[in-house]
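K.L.:
Protein chains in written order, with the UniProt record's numbering: chain F, 1 to 362; chain W, 1 to 362; chain L, 1 to 362.
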Amino acid sequence: MRHLIDPLDFTVEELDRLLRLGEDIRREPGAYSESCKGKKLATLFYEPSTRTRLSFEAAMLNLGGSVLGFPSANVSSVSKGESVADTIRIVSCYADIAAMRHPLEGAPMRAARFSRIPVINAGDGGHQHPTQTLTDLLTILTRRGRLSHLKIGFCGDLKYGRTVHSLVNALARYEGNEFVFISPEELRVPGHLIENVVKPAHIPYAEVTGLEEAMADLDILYMTRIQKERFTDAGEYERLKGSYVLDMPKMVLGKADMAVLHPLPRVNEIALAVDDDPRAAYFEQAQNGVYVRMALILTLLGLAPSGPLAEQALSAQRAAEATGAPCRNPRCITVAEEELVPLYVPDAHGVPRCVYCEHKMP
Amino acid sequence: MRHLIDPLDFTVEELDRLLRLGEDIRREPGAYSESCKGKKLATLFYEPSTRTRLSFEAAMLNLGGSVLGFPSANVSSVSKGESVADTIRIVSCYADIAAMRHPLEGAPMRAARFSRIPVINAGDGGHQHPTQTLTDLLTILTRRGRLSHLKIGFCGDLKYGRTVHSLVNALARYEGNEFVFISPEELRVPGHLIENVVKPAHIPYAEVTGLEEAMADLDILYMTRIQKERFTDAGEYERLKGSYVLDMPKMVLGKADMAVLHPLPRVNEIALAVDDDPRAAYFEQAQNGVYVRMALILTLLGLAPSGPLAEQALSAQRAAEATGAPCRNPRCITVAEEELVPLYVPDAHGVPRCVYCEHKMP
Amino acid sequence: MRHLIDPLDFTVEELDRLLRLGEDIRREPGAYSESCKGKKLATLFYEPSTRTRLSFEAAMLNLGGSVLGFPSANVSSVSKGESVADTIRIVSCYADIAAMRHPLEGAPMRAARFSRIPVINAGDGGHQHPTQTLTDLLTILTRRGRLSHLKIGFCGDLKYGRTVHSLVNALARYEGNEFVFISPEELRVPGHLIENVVKPAHIPYAEVTGLEEAMADLDILYMTRIQKERFTDAGEYERLKGSYVLDMPKMVLGKADMAVLHPLPRVNEIALAVDDDPRAAYFEQAQNGVYVRMALILTLLGLAPSGPLAEQALSAQRAAEATGAPCRNPRCITVAEEELVPLYVPDAHGVPRCVYCEHKMP
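1. For residue 239(L), does the three-state DSSP call read helix, strand or coil?
2. Output, in sequence order along the chain, the residues in the region 84–96 of chain F whose CB is closer than 9 Å to any CB in chain L.
3. Tell me whether the region 104–115 of chain F and the region 1–18 of chain F touch, counting them as touching only if at least three CB pairs, one residue from each stretch, are closer than 8 Å.
4. What are the residues that DSSP puts in a beta bridge with residue 124(W)?
5. Give the interface partners of residue 70(F) over in chain L, defined as CB-CB distance under 7 Å, in chain order.
6. To which residues of the same chain is residue 234(L) closer than 8 Å at the C-beta, ignoring the five residues directly before and after it?
7. Run down chain F in chain order and give the residues with a C-beta less than 7 Å from the C-beta of residue 82(W).
8. So, under 8 Å CB-CB, residue 201(F) and residue 172(F) are touching, yes? Tell me the CB distance rounded to an integer number of Å.
9. Measure the Cβ-Cβ separation of residue 104(L) and residue 353(L) and say whether it is below 8 Å.
10. Who are the Cβ neighbours of residue 250(L) in its own chain at under 7 Å, not counting the five residues just before and after it?
11. Short of 7 Å Cβ to Cβ, which residues in the region 241–267 of chain L face chain W?
12. Could you work out which residue in 15(F), 255(F) and 63(F) is closest to residue 297(F) when comparing CA atoms only?
13. Please say whether residue 43(L) and residue 22(L) have beta carbons closer to each other than 8 Å?
14. Leaving out five residues before and five after residue 66(L) in sequence, what residues of the same chain have Cβ atoms less than 6 Å from its Cβ?
15. Where do the N-terminal and C-terminal ends of the beta strand (DSSP E) with residue 223(F) fall, by residue?
16. Residues of chain B with CB under 8 Å from residue 75(W), in chain order?
17. For residue 58(L), would you say it is in contact with chain F, using Cβ-to-Cβ distances shorter than 8 Å as the test?
18. Against chain F, which members of the region 143–154 of chain L pass a CB distance test of less than 8 Å?
19. For a contact defined as C-beta to C-beta under 7 Å, what are the partners of residue 66(F) on chain L?
20. Using a threshold of 8 Å, state whether the C-beta atoms of residue 221(W) and residue 164(W) are closer than that.
21. For residue 38(L), would you say it is in contact with chain W, using Cβ-to-Cβ distances shorter than 8 Å as the test?
22. Name, going along the chain, the residues of the region 117–147 of chain F whose beta-carbon falls closer than 7 Å to a beta-carbon of chain W.
23. Nearest-angstrom Cα distance between residue 349(L) and residue 281(W)?
24. Using the C-alpha atoms, what's the distance from residue 266(W) back to residue 299(L)?
25. Less than 7 Å between C-beta atoms, sequence neighbours within five positions excluded: which residues of the same chain meet that for residue 51(L)?
26. Pull out every residue of the region 339–357 of chain W whose Cβ sits closer than 9 Å to any Cβ of chain L, in chain order.
27. Buried or exposed: residue 156(F), going by 16 or more other Cβ atoms within 10 Å of its Cβ?
28. Are the Cβ atoms of residue 193(F) and residue 174(F) separated by less than 8 Å?
29. From the DSSP output, in three-state form, read off residue 353(F) for me.
30. Roughly how many angstroms separate the alpha carbons of residue 58(F) and residue 344(L), rounded to a whole number?
31. Spatial neighbours of residue 347(W) within its chain, please: CB distance less than 6 Å, with the 5 preceding and 5 following residues excluded, ordered by chain position.
32. Just how far apart, CA to CA, sit residue 198(L) and residue 139(L)?
33. Below 8 Å between beta carbons is the criterion; list the residues of the region 282–301 of chain L that meet it against any residue of chain F, in chain order.
34. Give me the Cα-Cα distance between residue 244(F) and residue 327(F), rounded to the nearest whole angstrom.
35. Pairs of beta-carbons, one from the region 273–290 of chain F and one from the region 299–314 of chain F, closer than 8 Å: are there three or more?
36. Helix, strand or coil: how does DSSP classify residue 182(F) here?
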């Protein structure tokens with residue numbers, strides 16, 4: 001049985017099949033309207049995330065299945081003393097597949113290890129949100145016909161934005177891509193991402209502070225929000241924020257076949273006037289989020305038309321080799337719940353990291 | 001594409017067709033059990049209204065469709081910074097039709113302007129609640145066989161009760177009706193409703209302070225609750241409240257074929273003993289609420305057996321001619337969300353009113 | 001029309017049929033996947049109980065039906081002034097069957113008296129939780145092949161644990177059973193349960209304070225949690241808690257065909273290592289909870305293959321003979337809602353008890 005916990009859980013080959021299925025669903029959604037008849041999706045949202053939850057629910061309903069679950073821990077009694085490990089074993093009696101959102105890092109992975117049904121990580125704290133990455137990839141693919149040989153600009157908060165980090169990781173697996181990182185100095189893309197992902201993949205990249213100067217030859221512009229709270233100096237925030245607002249004067253500088261993506265919600269980092277530009281792909285992205293989740297559910301339930309998946313996800317293979325002491329990250333699920341098995345495993349660079357939250361061993 | 005935002009959005013002819021469909025569904029609900037197979041209703045309830053929400057959900061399930069959404073903003077993340085305009089564009093990717101309840105006036109109309117799917121106003125602040133009016137009309141029709149040539153008594157809080165105002169507006173479009181307004185002095189029906197609606201339609205009317213004296217020849221008695229908070233003088237409230245409680249001694253004064261309606265919930269303004277009187281129609285009204293919402297969903301999705309609707313609702317036609325400055329009503333959606341287009345349009349009496357909340361131009 | 005309000009509402013013969021249906025569903029769940037097509041379950045949860053709610057929802061979805069309702073009063077407006085009596089009359093317009101969880105004792109019974117659809121008590125305050133008892137019985141039956149001639153150990157908080165009290169009542173109706181009550185002195189099984197239930201049924205029983213000494217010849221071990229708050233002396237709690245934790249050293253003392261049950265959630269009263277022991281039946285119990293609720297829904301909707309039920313439940317027959325004054329229990333539904341009919345009825349021992357909450361007449 002396979003789960004989706006980490007955006008890199010699928011091999012490139014598995015991912016290609018999943019995205020092709022997503023494209024097929026997009027072309028002819030009606031052909032799948034009975035594919036999950038009699039199947040149930042549990043949406044276990046320990047914190048609210050309405051867009052993500054509704055996208056999963058729409059996906060399952062489109063497949064002819066049904067949905068149960070909870071939208072928020074404050075309308076649920078699950079948080080009262082029961083471990084995620086026990087909860088998922090109970091939910092395995094109620095549903096055929098589960099999507100879990102949890103404020104603690106690693107909670108969906110922990111659930112996966114005790115589950116009798118496939119578990120999908122629908123966001124674990126600030127850690128991972130793999131179905132957003134799948135959505136982004138399907139949108140790039142449908143707009144540009146490929147995931148390789150593209151020049152992609154990432155704009156906004158590149159330091160904390162997990163969707164950016166995941167997408168960088170995902171696109172680094174394809175040939176011939178080029179990255180432009182557009183952010184204020186305070187919110188630059190983390191050095192470890194450059195050192196461990198971008199450079200080893202031999203991806204040409206640039207770091208710039210102005211959106212205007214970067215627009216000219218982008219194939220994809222991936223916008224994110226800059227949150228005031230990220231700045232130590234409020235004046236600096238006020239001085240900078242306008243530079244990272246995408247408006248029509250900046251759009252004029254872009255190519256005719258560029259596509260603008262945004263994980264949404266946007267606040268004001270994209271002017272309303274841009275919405276009517278055919279290059280705006282962010283609402284279409286929400287639609288793709290439903291299609292790719294349909295493809296994901298079919299794939300994890302073993303109902304996808306193409307061949308089977310490998311027995312274990314890459315992250316699960318890695319986890320199987322863990323050793324060592326308990327994690328010290330206060331936002332890690334293992335701090336909240338007793339863990340009986342070893343925790344640390346070396347990453348691609350030999351750094352021992354917690355299986356659940358990926359923090360370095362202290 | 002048509003929405004339902006204002007109780008007067010349907011022409012009388014369109015409304016007649018919708019109510020006839022409601023009556024047909026009432027006679028034979030099973031005949032419609034597959035009519036919305038594969039369709040999804042989104043219930044977007046920014047504030048809780050359980051009866052209204054469940055009535056919509058029951059309606060969609062009865063039609064063989066399915067439901068997703070949120071029951072309250074406190075279990076949703078939609079309120080965090082995302083505009084109603086963006087939310088409905090996302091929800092348009094998830095569902096085929098939406099019912100929206102929102103604390104701000106005009107929010108469903110704003111959603112309708114950005115939506116790719118039909119939007120139903122399920123209550124916007126103290127402004128409008130059109131499906132309640134449809135429910136009231138279907139109940140009157142099934143009880144009395146017509147919407148014209150009736151003597152209707154409205155009892156209770158006629159000053160603030162929006163269900164009363166909407167029903168007065170709706171019944172003023174039919175011939176030969178007569179109104180009796182029964183309320184304490186402090187809660188009299190607003191003068192503008194008399195001047196702008198009742199008098200222009202040449203409807204005979206009376207204003208009285210006692211329920212007993214009005215009972216004798218009513219065809220319909222529409223009860224509403226009197227809330228203590230509406231009174232500036234608590235003693236006045238205590239002195240009056242009994243006069244507006246419908247009990248069996250008062251029921252004895254009414255005609256044998258009278259029907260008692262109430263939008264529910266009732267608190268104590270109708271004695272429990274009245275529930276068993278065959279003239280009590282208020283629980284039947286709840287059932288009609290499901291049938292009329294089934295008819296509404298079918299109509300807005302273009303699945304109703306009878307002919308098509310006009311291209312635009314009356315309120316949308318009016319809105320298209322708006323001009324002017326931003327609204328100043330603090331409870332109007334446009335105060336919370338930036339509006340790019342003009343706002344004011346003259347009403348039937350030449351008074352410029354906000355397209356969204358209908359407040360007068362300041 | 002029948003409801004399920006009290007764990008003893010079904011006669012032994014009716015219960016046998018229901019449990020046999022549960023076993024049949026367990027063997028072949030797919031055979032029932034269309035049995036409730038077009039039927040709707042309302043889950044009316046005035047307080048959250050996620051496991052119970054999801055179990056009901058999974059049951060209805062497995063039967064091909066659909067679900068509406070609310071997961072918590074804080075996302076609902078039903079609690080605002082509307083009585084349970086009025087709410088259930090409205091919900092009768094929306095659904096075909098209802099499961100109600102309520103913090104006040106007797107609320108589901110009150111709903112049942114005004115309902116046009118079958119009402120299932122999904123827990124009313126600390127009073128009754130009959131579907132938990134059904135779940136326990138089905139699990140014992142499937143593990144041991146019978147409900148009679150068994151030696152059952154009840155361990156933990158036997159004073160306040162309502163699941164224990166209900167199960168004692170239920171198993172006392174079968175021949176040849178034997179009970180062992182295992183608890184600290186402060187949390188002993190109530191004297192009235194021994195006097196009124198165990199002794200009249202001529203059931204051999206023992207009361208012991210140690211789990212180890214009782215393990216040897218149990219057929220069933222029913223574990224419950226000991227809550228710190230139950231102890232007047234915190235030191236006493238600390239001293240005792242370990243004795244009532246089921247771990248592998250204690251499991252070694254048990255028979256090979258013993259079954260361990262627990263109503264869940266467990267906190268730490270069963271060690272994680274026990275989960276892998278084949279005698280651990282508590283997760284299987286959660287699965288049986290779905291099957292037995294499927295059987296219950298079919299039975300109450302009159303869709304069960306076997307014969308019909310008696311016209312009234314035992315508790316409803318008893319209630320029909322009530323007389324007397326209003327209840328004084330502050331946690332009784334009748335204190336919150338006006339009651340027009342008599343309240344007290346003698347129990348099997350001639351003690352007059354409130355029809356709703358079963359408190360003694362003061």
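Backbone N, C-alpha and C define an ideal beta-carbon position, used for all residues, glycine too.
P.N.:
In short:
1. helix
2. 85, 86, 87, 89, 90, 91, 92, 93, 94 and 95
3. yes
4. 102(W) and 128(W)
5. 50 and 71
6. 228
7. 265
8. 4 Å
9. no
10. 211, 212 and 215
11. none
12. 63(F)
13. no
14. 40
15. 220–223
16. Of the protein chains in the structure, F, W and L, none is chain B.
17. yes
18. none
19. 61
20. no
21. yes
22. none
23. 44 Å
24. 34 Å
25. 264
26. none
27. buried
28. no
29. strand
30. 50 Å
31. 353
32. 22 Å
33. 283, 286, 287, 289 and 290
34. 37 Å
35. no
36. strand
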